[in-house]
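Take a look at the structure set out below.
Residue numbers (the UniProt record's numbering): 1 to 313.
Here is the structure:
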């Protein structure tokens, strides 16, 4: 019997071999299919970006930025043309990238520690240290940048901001367009209590985070529910004014006045930030993580990576 995951990876490979446009839809669809088929939770617990995820993330989000460049004053259109059904894929990828960033920072710090140890051993003339190759100043400085607590704090803060605001914007747009499933979406993105073993890695990251991150989560959750209650009150008033459900849903017209629910909604409840800018921040953060990974790989060829035998006792 063939391996379903292998079939999906084959589709990804074919998509990326298409030099004309990289078969964008095939790559995105194959990655979404792979994540959706994670019935055992194996991929969720893998906690590292899978092959092809960086490309899928760019394929999903880059067109939104490009639309923002061609029509910078039409954020509504940019949101309307966003593939919101793929935002859960984006959140999954970003969560694994954040865990990868932590791992890279840890390994960079470990390498610096080993380098300091063997430098000291060579300085005192230890026989077993003579053949150890030390890091160049250039490589050491690059690793220091990756391992920097200031950089780690900045990247972590940025990730939390991105993850929370992507979820909040998805809810906002679902409410604005009166799309189905908004109640379930809110419960999925901002549950009152995060379970011991969340179904989504981005919730696990919040659960494992520090108290400040949990406060940020709770603050965003409160804003979502406050908006939800305000919309309820507004819709009650609309009905009192003669705007029924059929008109709100665009199934009928008010003969006395022109009414568009999405337009009136956005006028009454403006979006909390520029959607294109949020996407640009997301892509920039993702590129920074990728650069960290590439830097670490460029310094240490897998065949030359020091083994644990070189660790001090």
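No residue lacks a Cβ here, since even glycine has one placed at the ideal position from N, Cα and C. Source: prediction; values computed, not measured.
Item: Residue range of the alpha helix (DSSP H) that residue 95 falls in?; Value: 87-123
Item: Using a Cβ-Cβ cut-off of 6 angstroms (strictly less than) and excluding sequence neighbours within five positions of residue 111, which residues of its own chain qualify?; Value: 143
Item: Please list the segments of the alpha helix (DSSP H) lying wholly inside the region 197-254, counting only runs of 4 or more residues, in order along the chain.; Value: 201-208, 211-240 and 245-248
Item: How big is the Cα-Cα spacing for residue 279 and residue 256?; Value: 40 angstroms
Item: So what does DSSP say about residue 259, is it helix, strand or coil?; Value: coil
Item: Taking just the CA atoms, how far does residue 290 sit from residue 300?; Value: 16 angstroms
Item: Using only CA atoms, which one of 253, 166, 145 and 276 lies nearest to residue 93?; Value: 166
Item: Which class does residue 294 belong to by DSSP, given the choice of helix, strand or coil?; Value: helix
Item: Along the chain, where does the alpha helix (DSSP H) containing residue 135 start, and where does it finish?; Value: From DSSP, residue 135 is part of no alpha helix (DSSP H); its letter is neither H nor E.
Item: If you follow the alpha helix (DSSP H) that residue 78 is in, where does it begin and where does it stop?; Value: 75-80
Item: If residue 95 sits next to residue 146, beta carbons under 8 angstroms apart, how far is it from one beta carbon to the other, in whole angstroms?; Value: At roughly 20 angstroms, the Cβ-Cβ gap does not stay under 8 angstroms, so residue 95 and residue 146 are not in contact.
Item: To the nearest angstrom, report how far apart residue 227 and residue 294 are at their CA atoms.; Value: 42 angstroms
Item: With H, G and I counted as helix, E and B as strand and the rest as coil, what does DSSP make of residue 195?; Value: coil
Item: Look up residue 284 in the DSSP assignment and say whether it is helix, strand or coil.; Value: helix
Item: Would residue 138 and residue 129 be called neighbours here (beta carbons separated by less than 7 angstroms)?; Value: no
Item: Measure from the alpha carbon of residue 161 to the alpha carbon of each residue in 82, 242, 231 and 221, then state which is nearest.; Value: 221
Item: How would you label residue 67, buried or exposed, when you count the other beta carbons within 10 angstroms and need 16 or more for buried?; Value: buried
Item: With contact counted as at least three CB pairs below 8 angstroms, one residue from each stretch, are the region 75-88 and the region 53-64 in contact?; Value: yes
Item: For residue 73, which of 282, 277 and 292 has the nearest alpha-carbon?; Value: 277
Item: Please say whether residue 185 and residue 171 have beta carbons closer to each other than 7 angstroms?; Value: yes
Item: What residue does the alpha helix (DSSP H) around residue 169 start on, and which one ends it?; Value: 149-176
Item: Quick check: the Cα distance between residue 248 and residue 234, rounded to an integer number of angstroms?; Value: 12 angstroms
Item: What are the start and end residues of the alpha helix (DSSP H) that includes residue 54?; Value: 53-70
Item: Could you please give the first and the last residue of the uninterrupted alpha helix (DSSP H) stretch that includes residue 320?; Value: A query on residue 320 cannot be resolved here, the shown segment of the chain reaching from 1 to 313 and no further.
Item: Got a sec? Which residues, its chain only, sit under 8 angstroms from residue 282 by beta carbon, not counting five neighbours each side?; Value: 61, 90, 94, 162 and 166
Item: For residue 209, which residues in the same chain have their Cβ closer than 6 angstroms to its Cβ, ignoring the five residues on either side in sequence?; Value: none
Item: If you draw a straight line from the alpha carbon of residue 267 to that of residue 261, how long is it in whole angstroms?; Value: 10 angstroms
Item: Check whether the Cβ atoms of residue 285 and residue 158 lie closer than 7 angstroms to each other.; Value: yes
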